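Keeping their order, the protein sequence lines are chains Y and G. Numbers 1 to 160, taken from the numbering used here, label the letters of the first sequence in order. Numbers 1 to 200, taken from the numbering used here, label the letters of the second sequence in order. In this text, a Cβ means the ideal position worked out from N, Cα and C, and glycines have one as well. Remember, predicted model here, so these are calculated numbers, not experimental data. Encoded as structure tokens, the structure appears first; notes follow it.
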Amino acid sequence: MHEHPEHETFERYVHGALEPPLAAALEAHVATCARCAAQLGHEARLEMALAEVAAAGPRRAPRGTGRTWLGVGLGALAAAAAAVLVVARSGAPMSSEAILYACPDDALAERCVASARRHGRVIEYPRAQLVVPRYEAMDLAAPALDARPRRLPATLEVMQ
Amino acid sequence: MTRAVALPRSLAAAEPDAAEPSVAARALSGDREAWAALVARHGHRVVVSLLARGLPLERARELAQETWLRLMEQQRLGKLRELELPGLAIRQASFLALDEGRRTAARAAHEHADPDAHRTAPGPTPEQQLLGRQQLERARVALGACSPSAQRVFTLVYEHPDRPHADVAAEVGLSLQRVRQILCEVRSKLRRAIEEHDHA
Numbered sequence: 001m002h003e004h005p006e007h008e009t010f011e012r013y014v015h016g017a018l019e020p021p022l023a024a025a026l027e028a029h030v031a032t033c034a035r036c037a038a039q040l041g042h043e044a045r046l047e048m049a050l051a052e053v054a055a056a057g058p059r060r061a062p063r064g065t066g067r068t069w070l071g072v073g074l075g076a077l078a079a080a081a082a083a084v085l086v087v088a089r090s091g092a093p094m095s096s097e098a099i100l101y102a103c104p105d106d107a108l109a110e111r112c113v114a115s116a117r118r119h120g121r122v123i124e125y126p127r128a129q130l131v132v133p134r135y136e137a138m139d140l141a142a143p144a145l146d147a148r149p150r151r152l153p154a155t156l157e158v159m160q
Numbered sequence: 001m002t003r004a005v006a007l008p009r010s011l012a013a014a015e016p017d018a019a020e021p022s023v024a025a026r027a028l029s030g031d032r033e034a035w036a037a038l039v040a041r042h043g044h045r046v047v048v049s050l051l052a053r054g055l056p057l058e059r060a061r062e063l064a065q066e067t068w069l070r071l072m073e074q075q076r077l078g079k080l081r082e083l084e085l086p087g088l089a090i091r092q093a094s095f096l097a098l099d100e101g102r103r104t105a106a107r108a109a110h111e112h113a114d115p116d117a118h119r120t121a122p123g124p125t126p127e128q129q130l131l132g133r134q135q136l137e138r139a140r141v142a143l144g145a146c147s148p149s150a151q152r153v154f155t156l157v158y159e160h161p162d163r164p165h166a167d168v169a170a171e172v173g174l175s176l177q178r179v180r181q182i183l184c185e186v187r188s189k190l191r192r193a194i195e196e197h198d199h200a
């Protein structure tokens, strides 16, 4: 592939719908073309956004304003406030490796990661546990060693 | 260190939706073939998620492989209770990408003796997150303005990106060509909605 691929080719690639020979040609091209590598990243971001839209479902346009900026802003602020992450506690003792930060949903995942990283913890999602790389938890205070999350914390402790 | 894991590029060998629960259950019990099937089915999505974070293609592939290896290791250690894919793999990949960004920033801080450089968060800033939410809401409104059949086609295709468009066409009772046309139209509308801010 000597010429820059068409927009549709990138779109089909990120959607997994490009025929393997064409996909291989595109991959070889982006390895040597910074402009097309950037275009691929852009299309990938759009593809992930479209998947997110599909998962969230359609929304009716609000009457009158045609916009939802205020609602969106308030929602985001609420999410950001919730994202000042939390540790829920119960009494069950666990090993130091199993001290988990409860991450309430995917939207807050990156805040969870940032908080967990600062404190050197593992993150637990509602149905699985993921490893935050380079985890070290040897400097924990004793009370923290007994901490473990609940899925929907009733008692929250705001992390500093 | 990156170890080799088969990551087939094509999703043609993906199994039908009905088989997914049993494949996931088998994978949770340690069945290597089931893991291979899940990697074949969802591997491309994980790579795309890493591309979306700005990683070069080759690095995205390497981190995707590392992602699957970590999930398999988690399963082996009995730490996976459910296997919700591709979401779980995308999140794990995201963690790895963030960690790599942090280490890169820390290395740069060390090399340049900048004590504050390591504090740079590798993830999106609050402003970027807010913008992302605004884009999502605009796109949802744009989707809501599409016809019900167009909404259905879009949702079916994007909720199951590995599913052949011909299957979707059969389910909604339209021709394959019409489904692809609808998909193109809806994508175009949503794309405009998402990129609205960039062109404003």
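Out of G:LEU63, G:ARG107, G:CYS184, the CA that lies nearest to the CA of GLN92 of chain G is found in G:LEU63. Comparing C-alpha distances from LEU143 of chain G to each of G:ARG45, G:ILE182, G:ALA34 shows the shortest one belongs to G:ILE182. For HIS29 of chain Y, the closest Cβ of chain G is not nearer than 8 Å. Counting the other Cβ atoms within 10 Å of the Cβ of GLY41 of chain Y gives 16 or more, which makes it buried.
The criterion of a C-beta distance shorter than 8 Å is not satisfied by LEU136 of chain G and GLU27 of chain Y. Judged by beta-carbon spacing, LEU28 of chain G lies beyond the 8 Å limit of LEU96 of chain G, meaning their Cβ atoms are not closer than that value. In terms of Cβ geometry, ILE90 of chain G and ARG45 of chain G form a close pair [threshold 8 Å].
Within chain Y, LEU46, ALA49 have C-beta atoms less than 7 Å from the C-beta of ILE194 of chain G, given in sequence order. Within the region 6 to 30 of chain Y, the residues whose Cβ lies closer than 9 Å to some Cβ of chain G are GLU8, GLU11, TYR13, VAL14, HIS15, GLY16, ALA17, GLU19, PRO20, ALA23, ALA24, GLU27, VAL30, listed in chain order. DSSP places GLY144 of chain G within a helical segment (H, G or I) once states are collapsed to three. As the crow flies, the alpha-carbon of GLU196 of chain G is around 12 Å from that of SER188 of chain G.
Ranked by Cα distance from GLU159 of chain G, the options Y:ARG59, Y:GLY16, Y:ALA54, Y:ARG60 are led by Y:ALA54. Below the 9 Å Cβ cutoff, chain G contributes no neighbours of GLU3 of chain Y, its closest Cβ being approximately 19 Å away. Not a single CB atom of chain Y sits nearer than 8 Å to the CB of ALA170 of chain G. For a Cβ distance threshold of 8 Å, nothing in chain G lies close to ARG35 of chain Y: the least Cβ distance comes to about 13 Å. Looking at Y:VAL30, Y:PRO58, Y:ALA49, Y:PRO5, the one whose alpha-carbon comes closest to that of LEU55 of chain G is Y:VAL30. When secondary structure is reduced to three states using DSSP, GLU137 of chain G falls in the helix class. Only PHE154, THR155, LEU156, VAL157, TYR158, GLU159, PRO161, ASP162, HIS165 from the region 152 to 181 of chain G bring a Cβ to less than 9 Å from some Cβ of chain Y.
For the region 22 to 55 of chain G, the beta-carbon criterion of a distance under 9 Å to any beta-carbon of chain Y is satisfied by HIS44, ARG45, VAL47, VAL48, SER49, LEU50, LEU51, ALA52, ARG53, GLY54, LEU55. Approximately 6 Å separates the beta-carbon atoms of GLU47 of chain Y and HIS15 of chain Y; this is inside 8 Å, confirming the contact. Under the 8 Å criterion on CB atoms, ARG76 of chain G is classed as non-interfacial with respect to chain Y. Rounded to whole angstroms, THR67 of chain G and ASP31 of chain G show a C-alpha spacing of 17 Å. By the Cβ-count criterion, LEU77 of chain G is exposed, with fewer than 16 other Cβ atoms from all chains shown falling within 10 Å of its own Cβ. Residues of chain Y with a Cβ closer than 7 Å to the Cβ of ALA139 of chain G are, in chain order, ALA49, VAL53.
When the five nearest sequence neighbours on each side are left out, the beta carbons in the same chain lying within less than 6 Å of the beta carbon of ALA37 of chain Y are those of VAL30, in order along the chain. When the beta-carbon positions are compared, HIS165 of chain G and LEU176 of chain G come within less than 8 Å of each other. In the same chain as ARG192 of chain G, and ignoring 5 residues on each side of it, the C-beta atoms closer than 8 Å to its own belong to ALA142, in chain order. By the CB criterion at 8 Å, ALA44 of chain Y and VAL48 of chain G fall inside the cutoff.
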